[in-house]
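In UniProt numbering, the protein residues as written are 26 to 215. Cβ coordinates follow ideal geometry from the N, Cα and C atoms, glycine included.
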Amino acid sequence: RREAAVEEPDSPPESPGGSAGGPYRVVLAGESGVGKTALAGIFGGLPDGAPREDEHPGESMQLWCADGGFWGHLSPQGEVGDWLQESCLQTGDAFLLIFSVTDRRSFSRIPQTLLRLREGSPHPDPPVILVGNKSDLARSREVSLEEGRSLAVMLSCKHIETSAALHHNTRELFEGAVRQIRLRRRRPAG
Ligand code: GDP
Numbered sequence: 026r027r028e029a030a031v032e033e034p035d036s037p038p039e040s041p042g043g044s045a046g047g048p049y050r051v052v053l054a055g056e057s058g059v060g061k062t063a064l065a066g067i068f069g070g071l072p073d074g075a076p077r078e079d080e081h082p083g084e085s086m087q088l089w090c091a092d093g094g095f096w097g098h099l100s101p102q103g104e105v106g107d108w109l110q111e112s113c114l115q116t117g118d119a120f121l122l123i124f125s126v127t128d129r130r131s132f133s134r135i136p137q138t139l140l141r142l143r144e145g146s147p148h149p150d151p152p153v154i155l156v157g158n159k160s161d162l163a164r165s166r167e168v169s170l171e172e173g174r175s176l177a178v179m180l181s182c183k184h185i186e187t188s189a190a191l192h193h194n195t196r197e198l199f200e201g202a203v204r205q206i207r208l209r210r211r212r213p214a215g
């Protein structure tokens, strides 16, 4: 079991001094093969879905991966998967909903994943970014930039296209996630 890894309480992150500092817990969710591990790896590596604290320009981040439409199989045993699905929802400060622009199926699963996320999250409106990864694979593209954008408008979330292979827009993605978390923390909920 990896329970020790989440021993920190999911206490309210706001500190009375008004500091909106890290660590920022960012969950990467999406179908298998869309590039979650590759994206997370750019910021320090992520073995077997385990949380890993990373130095990000000026702040620390923890990156988590959730596979198979968020609640699926992270391990064949199921145990880690169950533990992870619960802890992802409870502790995620921001969620990156990742699909591959070369895999329409991964795109079509996004609305359902977001619905589950919003239903299960303890926060009323958790920061979510829709991420179209593998933008470098132009010739096998199945989902256009415009489709990604309009889905994001429909789902009321941000949108960005990235290439983990070329490190294109990856810094912008993680900085965008941190920015959204900071905005939420400054703004009282309700
Ligand atoms: P995960 O299952 O979501 O964690 O997906 P992975 O990170 O394991 O990526 C699946 C495959 O896609 C691997 O072979 C990666 O090297 C490849 N991959 C991931 N991101 C990109 C990308 O942006 N461009 C290209 N060309 N390949 C990518």
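Flag residue i as yes when its Cβ comes closer than 7 Å to any non-hydrogen atom of the ligand GDP, and as no otherwise.
{"i": "Val-59", "result": "yes"}
{"i": "Ser-175", "result": "no"}
{"i": "Asp-128", "result": "no"}
{"i": "Thr-116", "result": "no"}
{"i": "Leu-170", "result": "no"}
{"i": "Leu-162", "result": "yes"}
{"i": "Ser-146", "result": "no"}
{"i": "Gly-55", "result": "yes"}
{"i": "Ala-63", "result": "yes"}
{"i": "Lys-183", "result": "no"}
{"i": "Asn-194", "result": "no"}
Leaving out the 5 sequence neighbours to the left and right, which residues in its chain are closer than 7 Å to residue i when beta-carbon positions are compared?
{"i": "Ile-206", "result": "Tyr-49, Asp-118, Ala-119, Pro-152"}
{"i": "Leu-176", "result": "Ile-135, Leu-155"}
{"i": "Leu-170", "result": "Glu-186"}
{"i": "Arg-209", "result": "Pro-152"}
Sorted by chain position, which residues of the same chain lie with C-beta nearer than 8 Å to residue i's C-beta, five sequence neighbours on each side aside?
{"i": "Arg-66", "result": "Per the sequence shown, the amino acid found at residue 66 is Gly instead of Arg. Closer than 8 Å at the Cβ level, and outside the excluded window around Gly-66, lie Ala-189."}
{"i": "Leu-64", "result": "Leu-53, Leu-121, Ile-123, Val-156, Asn-158, Thr-187, Ala-189, Thr-195, Leu-198"}
{"i": "Gly-201", "result": "Ile-154, Lys-183, Ile-185"}
Could you tell me which residues DSSP pairs with residue i in its beta bridges?
{"i": "Phe-120", "result": "Val-52, Val-153"}
{"i": "Ser-125", "result": "Asn-158"}
{"i": "Leu-208", "result": "Bridge partners of Leu-208: none, in fact."}
Spatial neighbours of residue i within its chain, please: CB distance less than 6 Å, with the 5 preceding and 5 following residues excluded, ordered by chain position.
{"i": "Lys-183", "result": "Ile-154"}
{"i": "Val-203", "result": "Tyr-49"}
Inside the segment 141–195 only - beta strand (DSSP E) runs reaching at least 3 residues: 153–158, 183–186
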